[in-house]
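Residue numbers (our numbering): 1 to 98.
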């Protein structure tokens with residue numbers, strides 16, 4: 001998606017299992033998109049990963065507190081992404097999500 005509004009629209013129509021989203025998006029930022037997705041019964045439990053250049057410790061905590069399931073600071077390697085996805089999906093499979 002090119003902006004937050006498009007990301008939200010695609011998420012609501014396509015209902016993906018996982019969304020990897022930049023936090024700094026035009027029109028609606030990632031925090032606004034996550035808030036909308038968490039409020040919607042269809043997308044409430046969708047796994048959402050923040051992939052962002054915001055790399056300060058407070059940024060990670062803000063992302064997780066706002067509803068992102070995981071956080072990955074850019075730049076990252078494919079190995080780092082793969083390891084994080086493996087962790088996310090293994091945790092998701094081993095516990096019931098509300």
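Backbone N, C-alpha and C fix where the C-beta goes; we use that ideal spot for every residue, glycine too.
Closest in alpha carbon position to residue 33, among 17, 11, 52, is 11. In the DSSP annotation of this structure, the continuous segment of the beta strand (DSSP E) that includes residue 50 starts and ends at 47 to 52. The closest CA to that of residue 56, considering only 13, 72, 25, is found on 72.
Per DSSP, residue 11 is one residue of the alpha helix (DSSP H) stretching across 4 to 14. Just so you know, the alpha carbons of residue 74 and residue 40 end up roughly 28 Å apart. Under the DSSP assignment, residue 73 falls in the beta strand (DSSP E) whose first and last residues are 70 to 73. The DSSP-derived three-state label of residue 18 is strand.
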